[in-house]
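Student:
Number of protein chains: 2
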Amino acid sequence: MGLCPKKEKVRKRAIRFDGLPPVALGGRMAYGRYMFTALDCLPCMVRQTAEAAARATADPARREEILRRACRYLSEMPLAQTPPEAARDLHALVREVSGCGDLFAEAKRRYNELLLNAWPKLHEKVRRSKKPFETAVRLAIGGNIIDFGTGHAIDERRVFDTLAEVLEQPLALNALKELHAAVKRARQVLYLADNAGEIVLDKLLIGQFPTCTRVTVAVKGGPILNDATVDDARAAGLSPRADILSNGYDAPGTVLARCSADFRACFEAADVVISKGQGNYETLSGCGRANLFYLLKVKCPVVSRQLGVPLGSLVALQEAATAPLR
Amino acid sequence: MGLCPKKEKVRKRAIRFDGLPPVALGGRMAYGRYMFTALDCLPCMVRQTAEAAARATADPARREEILRRACRYLSEMPLAQTPPEAARDLHALVREVSGCGDLFAEAKRRYNELLLNAWPKLHEKVRRSKKPFETAVRLAIGGNIIDFGTGHAIDERRVFDTLAEVLEQPLALNALKELHAAVKRARQVLYLADNAGEIVLDKLLIGQFPTCTRVTVAVKGGPILNDATVDDARAAGLSPRADILSNGYDAPGTVLARCSADFRACFEAADVVISKGQGNYETLSGCGRANLFYLLKVKCPVVSRQLGVPLGSLVALQEAATAPLR
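Going down the list, the sequences are from chains A and B.
Residues in the first sequence are numbered consecutively from -6, following the numbering used here.
Residues in the second sequence are numbered consecutively from -6, following the numbering used here.
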């Protein structure tokens, strides 16, 4: 039996863009992939690796080895992978050479604590809002500023300035209505978390879901930048409102083909998927999954170009409604 | 015959710092070298190469080849060379792959013109100043902001804002008196120019030298970033007040060992050498030449650390008075 025209189109897109056969997910779905590594990403990756190396070790010989090997990797790596896949390999290199396991443990602890302390005020702000769902979405997007991968300095003041700004700033892409409608009728929501600290604000948004909705928060499978892991999500107090699930892979995004079977089953089964941050957008954009919503703050020129919105924009975007292969 | 203790010390420094025998200059002098490439320079070099590649060609395949080869180069290059030597090789790679000879021809023309138009006002400012020599030095340092290698955006407004600032801003390192005294008694001054546009302001300073002083302005041996070449120096109207001399090499600095015999003879013979900008400082710092003065604005963290002064500082520094080998 031949594929229907719509399915045919999706398969062609998948093959054209990544040169690989579509990813099989439980034999039922396959996803195209669109956001490859841009040439503009290379300088940023060297910068990010140099910063990680400096954080990991004071030994100049090890820092030199990391940077030499990172440059060699970039001279040879396929551009037909998403930026978070390259970032994952570069950070693995930093860990291998330095012997340092979690470079951002202290930063993650600090920003979780910072936002937990601010929680009562922020929660009150949502409760008193005329549009509590929108306010919670805006604060959850604002929390996305706590990102140690972008090369922009983060501090307490910048976080709270951003949380004040996002309440007023227009959304550059606005699928709030669609998201709200989808969440209201969902029995099961999968929430792809991004960074520690930020995850405390995700809790505000999850608090706006119907109480009968089952919520799973997926986190990274291992330490990568300041992305939240299972421990960070627990420290942020996400359970018992939500189940916490490792996605099984330590990229600063969601690389479906590398994630665990448990995670992929959850990704398939959920009625709605909410994806936080640039890394998850970079790895999932174009996958064609229904009821997938991206919430992020645009912090890099490549993502800004990809989305067609200015740097600093707030984005609530629904994944294009192209039906995935089934 | 053995070396005197002073000479012995200089030779040791030269060998300790660059692992190479001292550079023979007409069999009479040798120079140590101190500023090697820092690991922090690597991300900046990839950034600079990516910008140059984007300027040189719109063809993604060529841009990719440039960046891949640049990363390979950085993974293997000796750190025991100065940053401008690496930059020279990377820009040669951009030219080779893109076929584009002078990426900054238009920018150089534009900034020469901009400063030539401002010349009457600036000249009047020096003439009316109570300390015309100091004012001219300050403006010449201010012109050093016109640098397309740093990754900071340059525009007309930033140039004139900087020229206003430098008249008030304290010098972080201040060898003005020593420079003025050395110039007053010099019969021959060698002026190592940096960027087009900036070179128009160098003319203001040269105008403050005694009229009987013979002045040679040395420029780069080929197009590199927006560094002035012979044509740019002519366009800035430097002759007939000064002789214009190519240094014979296309690094964005002064790599003595690679410069022409003519240039090196002039470098030896001059009573005073004035070195403009970061690149010339990076390649000459530690050479031990007597009566060598650096004038620059600090625009990068590595130079800032090397000099022990904050980013943005104005610097008038005399090369350490260690006698060179003779």
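From the three backbone atoms N, C-alpha and C, an ideal C-beta is built for every residue, glycine too.
Computed from a predicted model, the values in this text were never measured in an experiment.
By Cβ distance below 8 Å, which residues in the same chain neighbour F153 of chain B in space, the five residues on each side in sequence not counted?
Tutor: Here the question's residue 153 of chain B lines up with position 160 in the second sequence. Excluding sequence neighbours, F153 of chain B sits near A111.
Student: For chain B, check one thing: does any of its Cβ atoms lie closer than 8 Å to the Cβ of R55 of chain A?
Tutor: As a working mapping, residue 55 of chain A is identified with position 62 in the first sequence. Closer than 8 Å: no.
Student: Quick check on DSSP: helix, strand or coil for Y287 of chain B?
Tutor: Here residue 287 of chain B is taken as the residue at index 294 of the second sequence, counted from 1. Three-state DSSP puts Y287 of chain B in a strand.
Student: Should L35 of chain A be flagged as near chain B, meaning a C-beta pair shorter than 8 Å?
Tutor: By 1-based counting over the first sequence, the position of residue 35 of chain A is 42. With respect to chain B, the C-beta atom of L35 of chain A has a partner C-beta closer than 8 Å.
Student: Could you check which residue in A:E57, A:R48 and A:T75 has the C-alpha nearest to that of R251 of chain A?
Tutor: Numbered from its first residue, the first sequence carries residue 251 of chain A at position 258. Considering only alpha carbons, the answer is A:T75.
Student: Between V159 of chain B and R131 of chain B, how many whole angstroms is the CB-CB distance? I'm expecting something under 8 Å.
Tutor: To locate residue 159 of chain B, count along the second sequence from 1; it is residue 166. To locate residue 131 of chain B, count along the second sequence from 1; it is residue 138. Right, their Cβ atoms sit about 5 Å apart.
Student: Inspect the beta-carbon positions of I199 of chain A and R227 of chain A and report whether they are closer than 8 Å.
Tutor: To locate residue 199 of chain A, count along the first sequence from 1; it is residue 206. To locate residue 227 of chain A, count along the first sequence from 1; it is residue 234. For I199 of chain A and R227 of chain A, no; Cβs fall outside 8 Å.
Student: Check the Cβ of C331 of chain B against every Cβ in chain A and list those closer than 9 Å, keeping chain order.
Tutor: Beyond the ends of chain B as shown, which are -6 and 319, falls residue 331 of chain B; an answer cannot be given.
Student: What is the DSSP secondary structure of S122 of chain B, reduced to helix, strand or coil?
Tutor: Within the second sequence, residue 122 of chain B is the residue found at index 129, counting from 1. S122 of chain B falls in the coil class under three-state DSSP.
Student: Report the CB separation of G144 of chain B from R282 of chain B in whole angstroms; it is logged as a contact under 8 Å.
Tutor: Here residue 144 of chain B is taken as the residue at index 151 of the second sequence, counted from 1. Here residue 282 of chain B is taken as the residue at index 289 of the second sequence, counted from 1. Rounded, the Cβ-Cβ distance is 30 Å, inconsistent with contact.
Student: Looking at C-beta atoms only, is the number of pairs between the region 99 to 113 of chain A and the region 212 to 226 of chain A that lie closer than 8 Å three or more?
Tutor: yes
Student: Under the three-state reduction of DSSP, which class applies to L60 of chain A: helix, strand or coil?
Tutor: Here residue 60 of chain A is taken as the residue at index 67 of the first sequence, counted from 1. Looking at L60 of chain A - three-state DSSP - the assignment turns out to be helix.
Student: Mind checking who S268 of chain B pairs with in its DSSP beta bridge?
Tutor: Walking along the second sequence from the start, residue 268 of chain B turns up at place 275. In DSSP, S268 of chain B forms a bridge with B:L185 and B:Y287.
Student: The alpha helix (DSSP H) that contains I217 of chain A, what's its start and end?
Tutor: Here residue 217 of chain A corresponds to residue number 224 of the first sequence, with the count starting at 1. Counting along the chain, I217 of chain A falls outside any alpha helix (DSSP H), and DSSP gives it neither H nor E.
Student: Using the C-alpha atoms, what's the distance from A189 of chain B back to L107 of chain A?
Tutor: By 1-based counting over the first sequence, the position of residue 107 of chain A is 114. By 1-based counting over the second sequence, the position of residue 189 of chain B is 196. Each residue's Cα considered, the two are about 49 Å apart.
Student: If we define contact as Cβ-Cβ less than 8 Å, is A79 of chain A a contact residue for chain B?
Tutor: Mapped onto the first sequence, residue 79 of chain A falls at position 86. Among the residues facing chain B, A79 of chain A is not included, as its CB has no counterpart in that chain under 8 Å away.
Student: Relative to the C-alpha of C205 of chain A, which candidate in A:A179, A:A221 and A:G230 has its C-alpha closest?
Tutor: By 1-based counting over the first sequence, the position of residue 205 of chain A is 212. Closest by alpha carbon: A:A179.
Student: At a Cβ threshold of 8 Å, is L32 of chain B touching chain A?
Tutor: Taking the first residue of the second sequence as position 1, residue 32 of chain B is located at position 39. Closer than 8 Å to the CB of L32 of chain B there is at least one CB belonging to chain A.
Student: Please list the partners that L60 of chain A has in chain B, where partner means a Cβ-to-Cβ separation under 7 Å.
Tutor: In the first sequence, residue 60 of chain A corresponds to position 67, counting from 1. Within chain B, the residues near L60 of chain A are L32 and L35.
Student: Name, in chain order, the residues that DSSP records as bridge partners for D236 of chain A.
Tutor: The count along the first sequence starts at 1 and reaches residue 236 of chain A at position 243. The partner list for D236 of chain A (beta bridge, DSSP) reads A:T209.
Student: Over the uninterrupted alpha helix (DSSP H) stretch that includes A49 of chain B, give me the two end residues.
Tutor: Residue 49 of chain B sits at position 56 when you count from the first residue of the second sequence. A49 of chain B -> alpha helix (DSSP H) spans C34 to A49.
Student: On the DSSP bridge list, what partners appear for L164 of chain A?
Tutor: The residue you call residue 164 of chain A lines up with position 171 of the first sequence. Answer is A:L307, bridged to L164 of chain A.
Student: Under the three-state reduction of DSSP, which class applies to P139 of chain B: helix, strand or coil?
Tutor: To locate residue 139 of chain B, count along the second sequence from 1; it is residue 146. According to the sequence provided, residue 139 of chain B is Ile. The question's Pro does not apply to it. In the structure shown, I139 of chain B falls within a coil segment according to DSSP collapsed to helix, strand and coil.
Student: Let me see if you follow: with CB-CB separation under 8 Å, is A332 of chain B close to chain A or not?
Tutor: Chain B is shown from -6 up to 319; residue 332 of chain B falls before or after that span and cannot be answered.
Student: Take the Cβ of L304 of chain B as the centre, count every other Cβ of all protein chains shown within 10 Å, and call the residue buried at 16 or more, exposed below.
Tutor: Residue mapping note: residue 304 of chain B aligns to position 311 of the second sequence, counting from 1. Answer is exposed; the Cβ neighbour count stays below 16.
Student: Just curious, the alpha helix (DSSP H) that Q201 of chain A is in, first and last residue?
Tutor: In the first sequence, counting from the first residue as 1, residue 201 of chain A sits at position 208. Where Q201 of chain A is concerned, there is no enclosing alpha helix (DSSP H), given that its DSSP letter is neither H nor E.
Student: Determine the closest residue to E149 of chain A out of A:I237, A:L32, A:E191 and A:L183, with distance taken between C-alpha atoms.
Tutor: The count along the first sequence starts at 1 and reaches residue 149 of chain A at position 156. Nearest of A:I237, A:L32, A:E191 and A:L183 to E149 of chain A, Cα basis: A:E191.
Student: Compare the C-alpha of L197 of chain B against each of B:S306, B:L164 and B:S232 and name the closest.
Tutor: On the second sequence, residue 197 of chain B is found 204 positions in, with the first residue counted as 1. The shortest Cα separation from L197 of chain B among B:S306, B:L164 and B:S232 belongs to B:S232.
Student: Using the three-state DSSP reduction, which class does Q74 of chain A fall into: helix, strand or coil?
Tutor: Here residue 74 of chain A corresponds to residue number 81 of the first sequence, with the count starting at 1. Coil at Q74 of chain A, not helix or strand.
Student: Quick one, which of B:E261, B:R88, B:L35 and B:A221 has its alpha-carbon nearest E44 of chain A's?
Tutor: Here the question's residue 44 of chain A lines up with position 51 in the first sequence. Looking at the Cα atoms, B:L35 is the closest of the given residues.
Student: Note down the Cα distance separating S68 of chain B from A146 of chain B, rounded to an integer number of angstroms.
Tutor: Along the second sequence, read from residue 1 onward, the residue named residue 68 of chain B stands at position 75. Along the second sequence, read from residue 1 onward, the residue named residue 146 of chain B stands at position 153. Their Cα atoms are separated by approximately 28 Å.
Student: Does DSSP classify A23 of chain A as helix, strand or coil?
Tutor: Numbered from 1 along the first sequence, position 30 holds the residue referred to as residue 23 of chain A. Because A23 of chain A carries a pLDDT of 45, less than 50, the predicted location of this residue cannot be relied on, and no value is offered for it.
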